[in-house]
Amino acid sequence: MGSKVIVVGGGNAALSSAIESAERGNAVILLEASPLHSRGGNSRYTRDIRYAHEEDEFTSGSYPKEELRDDLIGVSGSFDNPEVAELVIGRSQEMAQWMHEHSITFKKEIRGTLNLSRTNAFFMGGGRVLVDTYYKLIQKLGVRVFYDAPASSINISDCRVNSITAFLDGKEQEISADKYIFASGGYEGNKEWLSQFWGEKSRNIKVRGSRFNTGIPLRSLMGSNALMCGVEKAGHMVAVDSRSPEYDAGIVSRIDAIPWGIVVNKNCERFYDEGQDIWPKRYAIWGRLVADQEGQMAYVIVDSKATGKFMPTAYPSIDANSIEDLAGKIGLNADKTARLISDFNNGITKSGEDAFNWSNNGLPVPKSHWALPIDTPPYHAYPLSPGLTFTYQGVRINKTGRIVLKDGELENGFAAGEIASGNVLRSGYLAGFGLTIGTTLGRLAGGWEND
779 MGSKVIVVGG
789 GNAALSSAIE
799 SAERGNAVIL
809 LEASPLHSRG
819 GNSRYTRDIR
829 YAHEEDEFTS
839 GSYPKEELRD
849 DLIGVSGSFD
859 NPEVAELVIG
869 RSQEMAQWMH
879 EHSITFKKEI
889 RGTLNLSRTN
899 AFFMGGGRVL
909 VDTYYKLIQK
919 LGVRVFYDAP
929 ASSINISDCR
939 VNSITAFLDG
949 KEQEISADKY
959 IFASGGYEGN
969 KEWLSQFWGE
979 KSRNIKVRGS
989 RFNTGIPLRS
999 LMGSNALMCG
1009 VEKAGHMVAV
1019 DSRSPEYDAG
1029 IVSRIDAIPW
1039 GIVVNKNCER
1049 FYDEGQDIWP
1059 KRYAIWGRLV
1069 ADQEGQMAYV
1079 IVDSKATGKF
1089 MPTAYPSIDA
1099 NSIEDLAGKI
1109 GLNADKTARL
1119 ISDFNNGITK
1129 SGEDAFNWSN
1139 NGLPVPKSHW
1149 ALPIDTPPYH
1159 AYPLSPGLTF
1169 TYQGVRINKT
1179 GRIVLKDGEL
1189 ENGFAAGEIA
1199 SGNVLRSGYL
1209 AGFGLTIGTT
1219 LGRLAGGWEN
1229 D
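Position 381 (the sequence shown) corresponds to 1159 in our numbering; numbering is contiguous.
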């Protein structure tokens, strides 16, 4: 006879846990903090996964786990929990096939996704279809789903979760189970918590993900002596269009034009190398860079040669037929902007026909690759703000997925997804890796009995 399992969360990690657990004959309850129409957490805004693999039907070539490991260390520096990081890397090799077997359909890479066709697989319909597909599946498997059901507290003693308190059917109730899986995301939707690390800057941070990721279960685990993992101020933060909403901005808010142009702050100064590395490895540093500028604002400027080179944007570009006019439209000093771009254009060194190798190393802030001259009107600009996808600080887990306490481990308490992302990510990000963490750790938490 199976066990009774409670899954706290409603995104990819929670759903992967629920699927694995229900397929093993367990009675599963899933608590989603959001209403039905907003279900799925940050997973609603995804579109692809990154995973180690030999040549397969979902990508354009092989991506050995050694290369994935090197890429992760390249953006993150090191792992807070090497044991779990290696587990995620290794288990990622099974992930695409498992998703395919659970009704997820993959397609060829989409336009504007620089250098991702080999390392990442894109699923049809994006994150919303993925989430809806998994919800249909767990309902067929008999999982009971409660919406508008945030967990408010967790009762822990003697290294066991005894019960949780959650809102069910509009009232607060205490419920218990044999096993508990916490896959409730980070705390990016909690501006008060963010302000502890970011101060006043937090007001200008756009939250790309779910407003329901407030970190309440994480707070409760912290208060019960769960060992923390990850960096307090770290998170998946990218440059988004400043015109985006404060919450639920989604993947369409991201501005991918940066490698094809230059980025300037309010003082008409470039402040970082826009072409430092392959874009899927470096795009996630730009949110923090913009957050450090005055007013947490910056602008990316490109010309007509960049048209069609990056993902379409949710908001139209700001356009002009001269740099001076463009500067005026975005509130920059026209003379300083024109001089900056002239200096940039005049120092470009072209190497062959591949624009990836064109550089400008003569400036105080170099541009290592994609140093295309900005000289062909019309000119385009996008206003940038920092956009936070999810936070990295969370609970430490062991190789079985159990939550580690300061004086032991939870016998029946597991964590998966963003609430455990700090075990693998310290800073930076690799495109498509959030779903990798969620799927691998979700499956681990849901199916540990047979491992």
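Even glycine gets a Cβ: it sits at the ideal position worked out from N, Cα and C. These numbers were taken from a predicted model, which means no experiment stands behind them.
Nearest Cα to glycine 839 within the set Thr897, Phe857, Leu793 and Glu864: Thr897. A Cβ-Cβ contact shorter than 9 Å links serine 1205 with valine 1009. The way I'd put it, the segment 787-794 does touch the segment 1184-1197; three or more beta-carbon pairs between them come closer than 8 Å. DSSP places alanine 929 inside the beta strand (DSSP E), whose first and last residues are 929-935.
Threonine 911 has its alpha-carbon roughly 33 Å from the corresponding atom of methionine 1000. Check the Cα spacing between arginine 986 and each of Ser973, Pro1023, Glu1102 and Ile916: the tightest is with Pro1023. Under the three-pair Cβ rule at 8 Å, the segment 820-838 counts as touching the segment 902-921.
Distance from valine 1041 to alanine 1076 at the Cβ level is roughly 5 Å; contact confirmed, criterion being Cβ atoms closer than 8 Å. From the listed residues Lys1044, Phe1088, Glu1052 and Leu1141, the smallest Cα separation to alanine 1112 is found for Lys1044. When beta bridges are read from the DSSP output, cysteine 1007 appears opposite Gly1172.
Put simply, of Arg922, Ile807, Glu798 and Leu808 the residue whose alpha carbon is nearest the alpha carbon of methionine 877 is Glu798. Residue range 938-946 is occupied by the beta strand (DSSP E) that includes arginine 938. Beta-bridge pairing by DSSP links lysine 885 to Phe900. Asparagine 1190: not part of any alpha helix (DSSP H); member of the beta strand (DSSP E) spanning 1186-1193, first to last residue. Between the C-alpha atoms of leucine 1166 and leucine 908 there is a straight-line separation of about 22 Å. For leucine 1183, the enclosing beta strand (DSSP E) begins and ends at 1180-1183. For threonine 1218, the number of other beta carbons within 10 angstroms of its own is at least 16, and it is reported as buried. Counting only unbroken stretches of 3 or more residues, the beta strand (DSSP E) elements lying wholly within the segment 1087-1132 are 1096-1098, in sequence order. According to the DSSP assignment, glutamine 875 belongs to the alpha helix (DSSP H) that extends over 873-879. Nearest to serine 1137 by alpha-carbon distance, out of Gln1074, Tyr1157 and Asp1055, is Asp1055. Residue range 790-801 is occupied by the alpha helix (DSSP H) that includes alanine 800.
Going by beta carbons, leucine 1150 and alanine 1084 fall inside the 9 Å limit.
Annotation: lysine 1177 to methionine 1015 spans about 27 Å, alpha carbon to alpha carbon. A check of alpha carbon separations from glycine 1210 across Ser1100, Ala874 and Ala811 identifies Ala874 as the nearest. Remark: three or more beta-carbon pairs, one from each stretch, lie closer than 8 Å, so the segment 1197-1204 and the segment 860-875 are flagged as touching. In this structure, threonine 943 sits away from serine 962, with a CB-CB distance that is not shorter than 9 Å.
Per DSSP, glycine 1013 lies in no alpha helix (DSSP H); the unbroken beta strand (DSSP E) holding it starts and ends at 1013-1019. With 16 or more other Cβ atoms from the protein chains shown falling within 10 Å of its own Cβ, glutamate 1052 counts as buried. Among the bridge pairs identified by DSSP, asparagine 1138 is matched with Lys1145. With at least 16 other beta carbons inside 10 angstroms of its own, histidine 831 counts as buried.
Selection Lys969, Glu970, Tyr1050 and Tyr925 evaluated against lysine 949 yields Tyr925 as nearest (Cα-Cα). In this structure, the straight-line span from the alpha carbon of isoleucine 1108 to that of isoleucine 1096 is close to 8 Å. Take the alpha-carbon of asparagine 940 and the one of alanine 1004: they are about 15 Å apart. Across the set Asn991, Ala1159, Val783 and Val923, the C-alpha of Val783 shows the shortest separation from the C-alpha of aspartate 956. Straight across, the Cα-Cα distance linking alanine 1012 with tryptophan 976 is about 10 Å.
In the DSSP assignment, serine 962 is bridged to no other residue.
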